[in-house]
Amino acid sequence: MATWFRLVTRRVVRRRVRRGLKGTRAEFLALKEQARVLVHERIKHFCTIYPFVCNRVSIRNQGSRWGSCSKKGNLNFHYRIALLPEHLRDYVIVHELCHLGEFNHSRNFWDLVARAVPNHRVLRSELRQHAIDFKKQYVMEQTAG
């Protein structure tokens, strides 16, 4: 019984950590709207480079992902994309947009990404650092509050 309880509480704690930054609902909604506007603008821009058509664009609290693409052609982005520097934001958007053409991470996929973002390898590493920074910020807020 005690083992089961520890297992369940660990899962709950992990879920809380994955949920994202601590803040009010108003802050979340404001960032979500800001992200929606930014993402739609940049998708419109990158559609001049790529002939892909996306079905729907959603802004969510996706846990640990900056973005995702579904087989139905829906693009999903984390609301915190609005907090990223512009060059990293563009990389995430291009990455997901290219999944509409190649639904994998093959050589063809990365060639597509390189059309708009030739330094994608460097940006990918930089993006990982931003994910670590967000996790550290979240942990610091949890221990302070």
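If you read the sequence shown in the numbering used here, its first letter stands for residue 64, the second for the next number, and so on.
Just so you know, even glycine gets a beta-carbon here, dropped at the ideal spot from N, CA and C.
Between the CA atoms of residue j and residue i - distance to the nearest angstrom
i, j, result
"L147", "T87", "20 Å"
"G83", "V155", "Summary for G83: the model assigns pLDDT 49, below 50, so the residue's position carries little reliability, and this model does not support an answer."
"I122", "R143", "9 Å"
"P114", "N137", "15 Å"
"A177", "R99", "24 Å"
"C110", "A89", "31 Å"
"I106", "S169", "22 Å"
"F91", "N124", "9 Å"
"C161", "R119", "15 Å"
"L190", "H150", "10 Å"
N- and C-terminal bounds of the beta strand (DSSP E) containing residue i
i, result
"R123", "119-123"
"H141", "137-141"
"R133", "According to the sequence provided, residue 133 is Ser. The question's Arg does not apply to it. Taken as a continuous stretch (DSSP letters only), S133 belongs to no beta strand (DSSP E), as it is neither H nor E."
Among the options, nearest to residue i - alpha-carbon criterion
i, options, result
"V102", "V176, G164, H158, K134", "H158"
"V180", "H162, D153, H108", "D153"
"L94", "F140, I112, E104, A145", "A145"
"Q192", "W129, H108, E96", "W129"
"N167", "G126, E104, L186, C132", "C132"
First through last residue of the alpha helix (DSSP H) which encompasses residue i
i, result
"F172", "170-179"
"F91", "88-109"
"E159", "149-161"
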